[in-house]
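Numbering (this note's numbering), first residue to last: 18 to 279.
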């Protein structure tokens, strides 16, 4: 039997330099836990999977709101594994919708673990972010195409970001059976089975945007038409992919700290 569930997170500045979590609503397989943050200025929420999901036919969603001045990190305890459904739900696609909203002078780090597309599964993922003009966003997405030694299922993703009411990024990707031809060819994945991206939005980038550059043999940093950069990377597995994205994020954070201190 398929599941429909929406988990909700609201972070709010408490006026004392910290961030409170007035709304933390778990639902179905999406259990939310407040966890310890290494930086006391940031609240931290971890998404814990309470059961196997998403399965075929499931409709899951997470809504995260960082109010004006709030600082919050949202991560997950483990990878999300898309699995085929059973019975009447066999062959039906599942959906996973993420809706993010970041207010003025607020900062949201959206850093979930990987999405693994298991053989026979079908998953449609959408991530939509609405940012105020002075908001900051760090968003990481990682997809692993098939578990160890197996072929991938069908996975489609769409990432849409608007800043101050204007489009900043709108990107669609699709892999596996039924995806447009050539998705696994040399011009796209070239045999890699892990793909990810890191979106970094910061108003300070408007004053000193970084130049486009390679970050290794299969990763690139691209400035966007706005105060943002997009890092796109391919790798043979999830561990190597995470290493590339972590190094890119560390470098960007250092650049931003230097700009703000100048």
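Backbone N, C-alpha and C define an ideal beta-carbon position, used for all residues, glycine too.
Hey, residue 78 and residue 46: beta-carbon distance below 8 Å or not?
Not a contact, by the Cβ cut-off of 8 Å.
Is residue 142 buried or exposed, if buried means 16 or more other CB atoms sit within 10 Å of its CB?
Label assigned to residue 142: buried.
Beta-carbon within less than 6 Å of residue 236's beta-carbon, same chain only, minus the 5 sequence neighbours each way: which residues are those?
Result list for residue 236: 250, 261, in chain order.
So what does DSSP say about residue 241, is it helix, strand or coil?
If DSSP states are grouped into helix, strand and coil, residue 241 belongs with coil.
Would residue 158 and residue 144 qualify as a contact pair, given that the criterion is a beta-carbon distance under 8 Å?
Between residue 158 and residue 144, the C-beta gap is smaller than 8 Å, which places the two residues in contact.
Through-space distance from residue 198 to residue 267, alpha-carbon basis
Whole-angstrom Cα-Cα distance: 35 Å.
Given a cut-off of 8 Å on the beta-carbon distance, is the pair residue 265 and residue 211 in contact?
With a cutoff of 8 Å on beta-carbon distance, residue 265 and residue 211 are scored as not near each other.
Whether residue 156 touches residue 243 by CB criterion (8 Å)
No. Outside cutoff.
Between which two residues does the beta strand (DSSP E) holding residue 142 run?
Membership of residue 142 in the beta strand (DSSP E) is indicated by the continuous run 139-148.
So, helix, strand or coil for residue 15, using DSSP?
Nothing can be reported for residue 15, as the shown portion of the chain is limited to 18 through 279.
Pull up the distance between the alpha-carbon of residue 133 and that of residue 160, whole angstroms please.
If I take the Cα positions, the gap works out to 6 Å.
For a test of the three-state rule: what should DSSP assign to residue 66, helix, strand or coil?
Secondary structure of residue 66 (DSSP, three-state): strand.
Terminal residues of the continuous beta strand (DSSP E) containing residue 123?
Looking at the DSSP string, residue 123 is not in any beta strand (DSSP E), and its letter there is neither H nor E.
On the CB-based measure, 16 or more other CB atoms within 10 Å of its CB, does residue 56 come out buried or exposed?
It is exposed - the Cβ of residue 56 has fewer than 16 other Cβ atoms within 10 Å.
Is it right to say residue 75 is buried, meaning 16 or more other beta carbons lie within 10 angstroms of its own, or is it exposed?
It is buried - the Cβ of residue 75 has at least 16 other Cβ atoms within 10 Å.
Using 8 Å for Cβ pairs, my map puts residue 136 next to residue 170. What's the rounded Cβ distance?
Sure, about 6 Å apart at Cβ, within 8 Å.
Beta strand (DSSP E) segment containing residue 59, residue limits
From DSSP, residue 59 is part of no beta strand (DSSP E); its letter is neither H nor E.
Residue 184 bridges to which residues according to DSSP?
DSSP output for residue 184 lists 179 as bridge partner(s).
Could you spell out where the beta strand (DSSP E) holding residue 89 opens and where it closes?
Residue 89 -> beta strand (DSSP E) spans 88-93.
Pull up the DSSP beta-bridge partners for residue 213, would you.
Listed as beta-bridge partners of residue 213 by DSSP are 159, 250.
Measure the Cβ-Cβ separation of residue 62 and residue 40 and say whether it is below 8 Å.
No, the pair does not count as a contact, with Cβ atoms beyond the cut-off.
Collapsed DSSP secondary structure at residue 257 in the structure displayed
Helix, per DSSP.
Just how far apart, CA to CA, sit residue 28 and residue 120?
Distance from the CA atom of residue 28 to the CA atom of residue 120, rounded to whole angstroms, is 10 Å.
What number of angstroms, rounded off, separates the C-alpha of residue 276 from the C-alpha of residue 221?
Take the alpha-carbon of residue 276 and the one of residue 221: they are about 7 Å apart.
Quick one: is residue 219 buried, meaning 16 or more other Cβ sit within 10 Å of its Cβ, or exposed?
Flag for residue 219 reads buried.
Length of the line joining the Cα atoms of residue 227 and residue 64
Cα-Cα distance, rounded: 33 Å.
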